[in-house]
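Residue numbers (the working numbering): 43 to 315. Glycine residues also receive a C-beta, built at the ideal position from the N, C-alpha and C atoms. Computed from a predicted model, the values in this text were never measured in an experiment.
The following block contains the structure:
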């Protein structure tokens, strides 16, 4: 199998590019370097916030053309560069979504477009305590979350390390109000839920980058393993999916590859030959 003149690689990070500890396999790092030599840009496309994705990308030392975070809600040139894509929740929709969440017994965190304290939480957040502890310096605690967000640009409402049952029911309940992604939480266990502007997804941000850079969106190779990668995999010319991935992702695979702990990401070089 060979790619149709691939001009761009768009990759998920956790469970695809690096392992659960954020380690990049040497074969994967070497493959990124080879792509650079061939002039093929790599986009990091993740459900993570920029605050947690950027340090790991810097530590890995792998060059990326752009970093798309929060499942397509915001994209930056390089790792820390200019914002080229922003897809926030409509202001009037945030309070409505919070009300639906609370009726379901869930109090999400809110990710706002801010350079420092970008994680807003209410009095009883549902997210895993370790999620808050790991972001201690970036958490802003609010007595009334809805009021605190009224004048903010909200990119996403999130819960990490939650119970898959209630979060799955909430995801179904907000259909039409938000774009929901329910995925396995490889860091805290359980499930992670992300609620974004309707229509927001990884592919829309990749297409925005292609338009900005003058690249053909019909020549994208994508790699992903989660339910939040389905739109990306479905639109890509070639879709590579790690073994053991989400069933929906596997169903869209052009080819399956070994997991990130075995450097399976580097298998894309065989597709590009």
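Spatially closest choice to residue i from the options, by CA coordinates
| i | options | result |
| --- | --- | --- |
| residue 143 | 128, 195, 115, 200 | 200 |
| residue 226 | 296, 270, 306 | 270 |
| residue 154 | 72, 93, 221 | 93 |
| residue 218 | 207, 211, 240, 236 | 240 |
| residue 161 | 272, 249, 195 | 195 |
| residue 248 | 48, 63, 85 | 85 |
| residue 109 | 164, 52, 295, 150 | 52 |
| residue 192 | 215, 211, 152, 74 | 152 |
| residue 78 | 68, 50, 97 | 50 |
| residue 279 | 264, 273, 187 | 264 |
| residue 190 | 221, 237, 176, 136 | 136 |
| residue 277 | 243, 188, 164, 146 | 243 |
| residue 177 | 187, 163, 188 | 163 |
| residue 306 | 73, 124, 64, 48 | 73 |
| residue 128 | 64, 95, 197, 273 | 197 |
Close-in-space but distant-in-sequence residues of the same chain around residue i (CB under 8 angstroms, 5 per side omitted)
| i | result |
| --- | --- |
| residue 205 | 232, 233 |
| residue 80 | 314 |
| residue 71 | 102, 103, 104 |
| residue 275 | 264, 266, 281, 283, 291, 294, 295 |
| residue 220 | 131, 135, 139, 199, 237, 238, 239, 240 |
Nonlocal neighbours in the same chain, by C-beta distance under 6 angstroms from residue i, ignoring five residues either side
| i | result |
| --- | --- |
| residue 57 | 228, 267 |
| residue 60 | 66, 302 |
| residue 202 | 169, 170, 173, 227, 230, 234 |
| residue 222 | 213, 216, 237 |
| residue 47 | 261 |
| residue 187 | 164 |
Separation of residue j from residue i, as counted between CA atoms
| i | j | result |
| --- | --- | --- |
| residue 119 | residue 254 | 10 angstroms |
| residue 298 | residue 310 | 10 angstroms |
| residue 90 | residue 209 | 18 angstroms |
| residue 245 | residue 138 | 26 angstroms |
| residue 83 | residue 287 | 24 angstroms |
| residue 158 | residue 179 | 8 angstroms |
| residue 183 | residue 140 | 16 angstroms |
| residue 29 | residue 211 | It is not possible to answer for residue 29, since the shown part of the chain is limited to 43 through 315. |
| residue 295 | residue 172 | 33 angstroms |
| residue 185 | residue 113 | 28 angstroms |
| residue 76 | residue 116 | 27 angstroms |
| residue 308 | residue 281 | 14 angstroms |
| residue 284 | residue 156 | 33 angstroms |
| residue 166 | residue 150 | 9 angstroms |
| residue 68 | residue 145 | 47 angstroms |
| residue 251 | residue 97 | 22 angstroms |
Contact set for residue i: own chain, Cβ-Cβ below 7 angstroms, skip 5 residues either direction
| i | result |
| --- | --- |
| residue 99 | 86, 106, 109, 121 |
| residue 54 | 87, 88, 265, 266, 267, 268, 271 |
| residue 147 | 208 |
Scan the segment 82-159 and note each continuous beta strand (DSSP E) run of 3 residues or more that stays entirely inside, going in chain order. 84-87, 108-111, 116-119, 125-128, 151-154
Three or more C-beta pairs below 8 angstroms linking the segment 258-266 and the segment 126-145: no
Which runs of the beta strand (DSSP E) spanning at least 3 residues fall entirely within the segment 202-247, listed in chain order? 221-226, 233-238
Alpha helix (DSSP H) runs wholly inside the segment 259-314, at least 4 long, in chain order: 272-277, 289-293, 310-314
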